[in-house]
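Scroll down for the structure; my scribbles are underneath it.
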DNA sequence: GATCTTTGATTGAATGACCAAACAATTTGG
DNA sequence: CCAAATTGTTTGGTCATTCAATCAAAGATC
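As structure tokens, this is what we get:
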């Protein structure tokens, strides 16, 4: 029962935070959603911030499982035998799928970003969150660069930051406006990066 | 004096909101920063939300002036005689400059995004904010596409969404971590888009 | 020119509500 | 019987917004 209860609280927190947002949900709202007394949330989580972090991690679980089912782990290395271009393409496809299926998680993520702007504890969680995912993109980027006819001027890390940033910028637009065609934007990003990765060796180019 | 006072309150709001964030600043903090009585802020602005919107607009003013000094208006058309590629390149350069000079504004912008996630009034302001800027990028994109050897599969709007998104994703990384090398990321984005825009006509390519 | 009047600007103190966290008391399960 | 789990209340504080009262200045009246 104890572990079950904690899990129930985290799940209730996730649902409530997605629905109402961090600053608009009270601890007792979460407790009510979980069907427990107001005080119990503080028994398992010292602060509301801790509960937010737990809720985000909880929300990310299914998403990470999808990636691992596809043979990729967020923190582990890329499989050596795989085609990096295929991985990149798959990444964009998965991104589209995730946005469609786990829209609430992205909402909560941006909420966390907002809170993290002026809250050290959340800020630290946000930095970890970003770095982990950006490093993942960087691993794929490095592998793709290794196969390019002419290596780019920019570092793999810089390119990864631009690509990860673009995905999240697209997520933002989608979260702020459900009418927004995020799939088309991700396809455009995919087309640009793929064209960049496969461009032929050129005689001369200028610098940015 | 009356107009001056309102301006003073908006300016105080901008500074206080940047420093402490929307949810962590009280109306009376803003009033204190402006050197007026607590009630006066509500005399000029019905709600705290209105003051946030006014503060953002106030913060954007110098930035818009820089663009107009460079011959571009956010909402107007592009000058017909200009080289679109040059405009694009200049856009990326200005983006780097802005991020260095007006870091606080970006912080406040992301704060507004966070608040807008669950606040209809702010959400509407955010949508306008995004659409205005994305449309601006789209105008440049359209002009660039017109000069491409082989037009892209993606629409100009989709490409603009990916590029604007990337810039803001990069801003986000910078805001969350000052160590982050945003200039390198913007250079990488610039390199990718420029390479894409100038790529030669190819015999055959696959779809994303 | 002196006094009254109006209007808008400004003040500072309520109001009314909310909430995170702490806590003492009770229950449960081993 | 004990320790962990759970309850529901209290605490101590916050804050947006309202409001009655003051103030300053600009007309209006005589």
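Residue numbers (this note's numbering), protein chains in the order written: chain A, 1 to 208; chain B, 209 to 416.
Think of the CB as a built atom: it goes at the ideal place given N, C-alpha and C, for glycine as much as any other residue.
1. From the DSSP output, in three-state form, read off residue 178 of chain A for me.
2. Less than 8 Å separating the beta-carbons of residue 394 of chain B and residue 303 of chain B?
3. If you draw a straight line from the C-alpha of residue 206 of chain A to the C-alpha of residue 151 of chain A, how long is it?
4. Decide yes or no for the touch test of the region 323–331 of chain B against the region 378–392 of chain B: beta carbon pairs closer than 8 Å, at least 3 of them.
5. CA-CA distance, residue 213 of chain B and residue 240 of chain B?
6. In whole angstroms, what separates the C-alpha of residue 74 of chain A from that of residue 21 of chain A?
7. From residue 53 of chain A to residue 224 of chain B, what does the alpha carbon distance come to, in whole angstroms?
8. Does the Cβ-Cβ distance between residue 91 of chain A and residue 79 of chain A come in under 8 Å?
9. Does chain B have any CB closer than 8 Å to the CB of residue 118 of chain A?
10. Would you call the CB atoms of residue 226 of chain B and residue 315 of chain B closer than 8 Å?
11. For residue 336 of chain B, would you say it is in contact with chain A, using Cβ-to-Cβ distances shorter than 8 Å as the test?
12. If you draw a straight line from the C-alpha of residue 76 of chain A to the C-alpha of residue 135 of chain A, how long is it?
13. Would you give the residue range spanned by the alpha helix (DSSP H) that residue 358 of chain B belongs to?
14. For residue 103 of chain A, tell me which candidate among A/184, A/120, A/157 and A/59 has the shortest Cα-Cα distance.
15. For residue 251 of chain B, count neighbouring C-beta atoms within 10 Å of its own C-beta (all shown protein chains included) and say buried if the count is 16 or more, exposed if not.
16. If we define contact as Cβ-Cβ less than 8 Å, is residue 260 of chain B a contact residue for chain A?
17. So, for residue 400 of chain B: in the same chain, excluding its five sequence neighbours on each side, which residues have a beta-carbon less than 8 Å away from its beta-carbon?
18. Excluding five sequence neighbours on each side, which residues of the same chain lie with their C-beta closer than 6 Å to the C-beta of residue 398 of chain B?
19. Less than 8 Å between the C-beta atoms of residue 165 of chain A and residue 363 of chain B, yes or no?
20. Output the boundary residues of the alpha helix (DSSP H) element that contains residue 63 of chain A.
21. Could you spell out the range, first to last residue, of the alpha helix (DSSP H) harbouring residue 298 of chain B?
22. What would DSSP say about residue 252 of chain B, mapped onto helix, strand or coil?
23. Taking the Cβ atom as the reference point for each residue, do residue 259 of chain B and residue 234 of chain B lie within a distance shorter than 8 Å?
24. Please list the residues of the region 184–205 of chain A that have a C-beta atom closer than 9 Å to any C-beta atom in chain B, keeping them in chain order.
25. Would you mind reading off the limits of the alpha helix (DSSP H) that contains residue 289 of chain B?
26. Got a sec? Which residues, its chain only, sit under 7 Å from residue 369 of chain B by beta carbon, not counting five neighbours each side?
27. To the nearest angstrom, report how far apart residue 141 of chain A and residue 195 of chain A are at their CA atoms.
28. From which residue to which residue does the alpha helix (DSSP H) around residue 242 of chain B run?
29. In chain A, which residues lie with their C-beta within 7 Å of the C-beta of residue 232 of chain B?
30. With a threshold of 8 Å between beta carbons, is residue 169 of chain A in contact with chain B?
31. What is the C-beta distance between residue 248 of chain B and residue 168 of chain A, in whole angstroms, given that I count them as a contact (C-beta under 8 Å)?
32. So, does the CB of residue 20 of chain A fall closer than 8 Å to a CB anywhere in chain B?
33. Considering only their Cβ atoms, is the gap separating residue 354 of chain B from residue 408 of chain B smaller than 8 Å?
34. Considering only C-alpha positions, which residue in the set A/183, A/23 and A/139 is nearest to residue 236 of chain A?
Result, derived from the coordinates:
1. coil
2. yes
3. With a pLDDT of only 48 at residue 206 of chain A, under the threshold of 50, the placement of this residue in the model should not be trusted; the figure read from the coordinates follows. Computed Cα separation, rounded: 14 Å.
4. no
5. 13 Å
6. 27 Å
7. 27 Å
8. no
9. yes
10. yes
11. no
12. 10 Å
13. No alpha helix (DSSP H) holds residue 358 of chain B; DSSP gives it neither H nor E.
14. A/59
15. exposed
16. no
17. none
18. 300
19. no
20. 48–69
21. 292–309
22. helix
23. no
24. 184, 185, 186, 187, 188, 189, 190, 191, 192, 193, 194, 195, 196, 198, 199, 200, 202 and 205
25. First-last for residue 289 of chain B: undefined, no H or E at that position.
26. 342
27. 14 Å
28. 235–242
29. 118
30. yes
31. That belief does not hold up - the Cβ atoms of residue 248 of chain B and residue 168 of chain A are roughly 39 Å apart, past 8 Å.
32. yes
33. no
34. This structure leaves residue 236 of chain A out entirely; chain A is present only between 1 and 208.
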